[in-house]
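Report on the following structure.
Numbering (my numbering), first residue to last: 5 to 654.
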């Protein structure tokens, strides 16, 4: 959507008259129903004066088009500055300029980011400009059909070249600097030359208006790119019920018009292939020219599947298809054809920074003609998670949407063992099942008496198994993340065993990062993912007390407790006993579910170390019946009466 669109000569006058900021703000209020803060208005005033100086060149036609704060449809992203016109062959061209007022920055350990005070790690401006180009190329039909040229760049008008090690133009960012050059304070003439290379003749805003009127749908190039990335990758092959759910979703997508919304709920436990179906749907629906996004509240599966598709850990053009749930708040109704919502049980009513307050289930149904929710309510690991089948049905009815429900019953993770999952439910006190022991269940489950030995075994499995998923160590969040600020510090210290949580620089890609086998992941970096073998350290938040398995919320690290158990401390102090009891039950559910999630990340096996020794003995007692025998040293206990002493939650 065009916010401010004028000829160059008029833009120059508006800046000269000191009216430009007010004009942009008034236009935003008319078109979006909201404005921006004072700081952003002030940034317009400063940066646009610099752009006026750049354009003060007779070789840049006065009737070239100028657009400011161009809103890319269905994204909420705004391009700072656009110049449109024709080249020497009368082909339509657009210059995309990302404006920054930074005067200093530092290199970041995160790919495609720089560190800028006071914001911390932020995207490199060349990456931003390049990502806007790919969005427009991949989704705007006019740009595709008329082959309008898009030329991105960044202009940091206050930034002097660093004296020693370059930051903005460091070779670390070479990939995006090639795609979108960065111009600094002393590069005014270079930026003018860049503009004049592509804008020889004015277009009287014609190219801008064409782009603004272009139909939004995915390009064939994007569809072909996705299809080629999927080709030959066995982890994305659909089998049995997965194929049925996939075809059901496609049939719904082909018939939906927006006059009547549709919602598909797909139930499935750990490892049933929910994410595999979701990724296949993204590819096929894009091929069918549907506007589709893959959505998760948890960043880890989003980042991992994007990386697996692209074959690299850097950002790619398909990044634009992988979204967090908060971006759909306030999006116009039916802006998307289909939203594929993975890990729907993690949807919330607000985010951690309190910058979002609403209902993500409602936002997603509103934004799409068809919304597909992949759901496992037993994986709720935050008190504030609201993604339940009940809530989805409730919000669907409010929109008059037709609801279809499908199941993915087959268990592909945990070596095909539904019995192991049922045993976990009983053993952790989540629900009663008939599976009191692991006897007869083909799954490699062990209790290890030392965290160092546990880690050694998982390293060994990571090397010896060649399926491609690898093996990893994870733990309950009962230790502070000291190494986040002090890289030489260790986090999980149990006797002589000292190890760090996953590196912050790896972010959501920890599971596939180099050397991650030497680190410990948590629920936030592994939920939605799977490995060959998983090693789990159970902290003091799950223990045996007086012969009963109980949870201890106070044993959680305070940083994580503020995330997963937010509201618990306030509720537990309430004078109303019913509120206190509710708080205890909610925290209890979150902790038990957390360990169930951690203990179901391994396809072939799960090895566990318990900080609470009584819990270790309890778990050993639940492994086998009286006839069970095992040569593993870690099974030293003779479990002849497995249920005599310990019991689950009553």
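Just so it is clear, CB atoms sit at the ideal spot from N, CA and C, and this is done for glycine as well.
Which value, in whole angstroms, describes the spacing of the CA atoms of residue 547 and residue 601?
-> 17 Å
Evaluate residue 367 with the Cβ neighbour count: other Cβ atoms within 10 Å of its Cβ, from every protein chain shown; 16 or more gives buried, anything less gives exposed.
-> buried
Please report the Cβ distance between residue 270 and residue 249, rounded to the nearest whole angstrom; I am assuming they are in contact, meaning their Cβ atoms lie under 8 Å.
-> 5 Å
Given that a residue counts as buried once 16 or more other Cβ atoms are within 10 Å of its Cβ, and exposed if not, what is residue 6?
-> buried
Looking only at its own chain, which residues have a Cβ that is under 7 Å from the Cβ of residue 27, when we skip the five neighbours before and after it?
-> 8, 18
Top-ranked residue by Cα proximity to residue 382, from 265, 37, 531, 327 = 531
Three or more C-beta pairs closer than 8 Å, one from the region 502-518 and one from the region 438-450: is that the case here?
-> no
Please work out which residues of its chain come closer than 7 Å, Cβ to Cβ, to residue 554, disregarding the five sequence neighbours upstream and downstream, and give them in chain order.
-> 547
Assign residue 352 to one of two classes, buried (16 or more other C-beta atoms within 10 Å of its C-beta) or exposed (fewer than that).
-> buried
Considering only residues of the same chain and omitting the five flanking positions on each side of residue 242, which have a CB-CB separation below 7 Å?
-> 250, 280, 281, 284
Supposed close pair residue 107, residue 117 - CB separation, criterion 8 Å = Wrong, their Cβ atoms sit about 18 Å apart, outside the cutoff.
When you compare only the Cα positions, how much space is there between residue 119 and residue 132?
-> 15 Å
Would you call residue 441 buried or exposed, if buried means 16 or more other Cβ atoms sit within 10 Å of its Cβ?
-> buried
Which residue's Cα is closest to the Cα of residue 439: 453, 450, 452, 424?
-> 424
What residues in its chain sit with their C-beta under 8 Å from that of residue 217, if we drop five residues either side in the sequence?
-> 146
Can you grab the Cα-Cα spacing for the pair residue 663 / residue 144, in whole Å?
-> With the chain running from 5 to 654 in the structure shown, residue 663 is simply not present.
Can the beta-carbon of residue 68 be found closer than 9 Å to that of residue 88?
-> yes
Look at the Cβ atom of residue 4, then the Cβ atom of residue 389, and state whether they are nearer than 9 Å.
-> Past the edges of the chain, shown from 5 to 654, lies residue 4, and the structure says nothing about it.
Where residue 62 and residue 202 are concerned, what is the direct C-alpha to C-alpha distance, given to the nearest angstrom?
-> 15 Å
Flag this pair as touching only if the region 606-617 and the region 574-589 have three or more C-beta atom pairs under 8 Å; answer yes or no.
-> no
Please classify residue 128: is it buried, with 16 or more other beta-carbons within 10 angstroms of its beta-carbon, or exposed?
-> buried
Taking only runs that begin and end inside the region 55-129, name each unbroken beta strand (DSSP E) of 3 or more residues, in chain order.
-> 69-75, 82-90, 96-104, 117-120, 124-127
Expected contact under 8 Å - CB spacing of residue 310 and residue 326 to nearest Å = 5 Å
Beta-carbon proximity of residue 261 to residue 373, cut-off 9 Å = yes
Kindly indicate which residue of 559, 580, 587 has the alpha-carbon position closest to the one of residue 570.
-> 587
In the structure shown, what three-state DSSP assignment does residue 669 receive?
-> Beyond the ends of the chain as shown, which are 5 and 654, falls residue 669; an answer cannot be given.
Own chain partners of residue 544 with C-beta closer than 8 Å, once the 5 adjacent residues on each side are dropped | 482, 556, 559, 615, 616
Check the DSSP bridge columns for residue 475 and list the partner residues they point to.
-> 537
In or out: residue 534 buried (at least 16 other Cβ within 10 Å) or exposed?
-> buried
By how many angstroms is the C-alpha of residue 303 removed from the C-alpha of residue 511?
-> 9 Å
DSSP-derived helix/strand/coil call for residue 422 | helix
Pick out whichever of 213, 22, 174 has its Cα sitting closest to the Cα of residue 130.
-> 174
Write down every uninterrupted run of the beta strand (DSSP E) in the region 235-315 whose length is 3 residues or greater and which is fully enclosed by it, in chain order.
-> 266-272, 296-299
In DSSP terms, what residue 528 is bridged to | Paired residue(s): none; residue 528 is not in a bridge.
Residue interval of the alpha helix (DSSP H) (run including residue 574) | 572-576
Under a three-way DSSP split, which group does residue 403 fall into?
-> coil
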